[in-house]
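S.K.:
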DNA sequence: GGCCCGGTACTCGGATACAGTTTGTCCGAGTCCAAGCGG
DNA sequence: CCGCTTGGACTCGGACAAACTGTATCCGAGTACCGGGCC
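Protein chains in written order, with UniProt numbering: chain A, 1 to 157; chain B, 1 to 157.
#1: Please list the partners that residue 108/A has in chain B, where partner means a Cβ-to-Cβ separation under 8 Å.
#2: Mind reading off the beta-carbon distance from residue 91/B to residue 128/A? Whole number of angstroms is fine, and I expect it under 8 Å.
#3: Between residue 42/A and chain B, is the shortest Cβ-Cβ distance under 8 Å, so that the two count as touching?
#4: Check the Cβ of residue 74/A against every Cβ in chain B and list those closer than 7 Å, keeping chain order.
#5: Which whole-angstrom value describes the C-beta separation of residue 25/B and residue 63/B, a residue pair presumed to lie in contact below a C-beta threshold of 8 Å?
#6: Nearest by alpha-carbon distance to residue 88/B: which of 38/B, 124/B, 47/B, 132/B is it?
#7: Does the beta carbon of residue 21/A come closer than 8 Å to any beta carbon on chain B?
#8: Could you spell out the range, first to last residue, of the alpha helix (DSSP H) harbouring residue 57/A?
#9: Inspect the CB distances between the region 128-138 of chain B and the region 64-82 of chain B and report whether three or more fall short of 8 Å.
#10: What residue ranges within the region 36-122 of chain B form continuous alpha helix (DSSP H) runs of no fewer than 4 residues, ordered along the chain?
#11: Can we say the region 1-10 of chain B touches the region 30-46 of chain B, given the rule of at least three CB pairs closer than 8 Å?
#12: Please list the partners that residue 128/B has in chain A, where partner means a Cβ-to-Cβ separation under 7 Å.
#13: How big is the Cα-Cα spacing for residue 4/A and residue 100/A?
#14: Flag residue 33/B as yes if its beta-carbon sits less than 8 Å from any beta-carbon of chain A, otherwise no.
#15: Check the Cβ of residue 84/A against every Cβ in chain B and list those closer than 8 Å, keeping chain order.
#16: Can you tell me where the alpha helix (DSSP H) holding residue 134/A begins and where it ends?
#17: Am I right that residue 96/A and residue 108/A are in contact with their C-beta atoms under 8 Å? What's the rounded C-beta distance?
#18: Beta-carbon of residue 78/B versus every beta-carbon of chain A: anything under 8 Å?
#19: Should residue 160/A and residue 98/B be called a contact, given that it needs their Cβ atoms to be closer than 8 Å?
#20: When the cut-off is 8 Å and only beta carbons count, does residue 99/B lie next to chain A?
#21: With respect to the alpha helix (DSSP H) encompassing residue 162/A, which residues constitute its N-terminal and C-terminal limits?
#22: Looking at the unbroken alpha helix (DSSP H) that takes in residue 15/A, where does it start and where does it end?
#23: Check whether the Cβ of residue 49/A lies closer than 8 Å to any Cβ atom in chain B.
#24: So which residues on chain B does residue 93/A lean against when the C-beta distance must stay under 8 Å?
#25: Rounded to whole angstroms, what's the CA-CA distance from residue 17/B to residue 54/A? Just pull it up for me.
#26: Go ahead and label residue 70/A buried or exposed: buried means 16 or more other beta carbons lie within 10 angstroms of its beta carbon, across all protein chains shown.
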């Protein structure tokens, strides 16, 4: 089980976008320079967030990415699942119905107890991530940070 | 984020071994036939559980795998982490210290808030899995199952 | 008959190929801004 | 001087290759059992 590296990038990107003024945008190039990561690949991953409804993108000059809705309405889970997919990492393939020890279909009416326990753990993980919003993140950093972030994102030295 | 398919195999293998009489063993071949999975690959993965201290292996005829300790002392987390590794799927690479928006080292004394939230979620997942033992699994299945499992594992038609 | 010895078959264990996903890169479609031209 | 047109540059979006982890397989090392031979 391993999360892509881009997950970290996008979490930080979203947190940075949350520090912008309402309506302001940042381009993929600006974000890539801000974090020193491959611009093209970052752009590709940002599209995942757009598809996931977390970010909104506008093309053309002065365009870029911005949060699709208020920072208080975007949870860390939204971001992670948009990047990495929302499927349970544990996939029950009904192994109990195969091979020499196959169970009869009647015995498999209720889902496998192991799959259920794994799903519960996944839910615990999801709930933990869903408990934090981008607004919480912004509130946790120093009050002077947003102004600096905005300045450095737009490119002024 | 995706868990290997073998995770399901080994969870079921461990659950089956927990249904054996104390001291009894089952070989990789028997388990593979029981679940209809590639025997060689299953054997390789069972080694992970041996290295993780979950199973004990004895070579030679009548040999095979058995639980390394009492089923009540083996949690699902022990198995999953033995197979898949115990590292946090989210790896903080301190992206905040790189690029144009790099923070000063003093500001990075405390760990990144995002990494902390992700670690909390991982802990919630771990705790959920650690709450269930193999003994709990065995207790949840019908009382008649262990006898049948033993019969079908050993190969009697 | 009991004990020792050797062969055999079965077990795990690690080293070795194949495939799918993640990572990284590229170029094209669309759009807004700005300058230049005409009225 | 003002408005329209046209060019340009900048943006995202999807299509196209390399690298790494997970998947699958094989053969070798070791060990307990079983049969035969010897005392």
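Cβ coordinates follow ideal geometry from the N, Cα and C atoms, glycine included.
M.R.: So, from the data block:
#1: Here the premise fails: no neighbours, minimum Cβ distance about 12 Å.
#2: Not quite, the Cβ-Cβ distance comes to about 18 Å (not below 8 Å), so this is no contact.
#3: no
#4: Neighbours of residue 74/A on chain B: none; closest Cβ ~13 Å, over 7 Å.
#5: 6 Å
#6: 124/B
#7: no
#8: Taken as a continuous stretch (DSSP letters only), residue 57/A belongs to no alpha helix (DSSP H), being part of the beta strand (DSSP E) at 55-58.
#9: yes
#10: 39-51, 76-84
#11: yes
#12: 120, 121, 124
#13: 38 Å
#14: yes
#15: 1
#16: 134-140
#17: 7 Å
#18: no
#19: Missing from the structure shown is residue 160/A; chain A here goes from 1 to 157 and no further.
#20: yes
#21: The structure shown does not extend to residue 162/A, since chain A spans only 1 to 157, so no value can be given for it.
#22: 6-17
#23: no
#24: 5, 8
#25: 46 Å
#26: exposed
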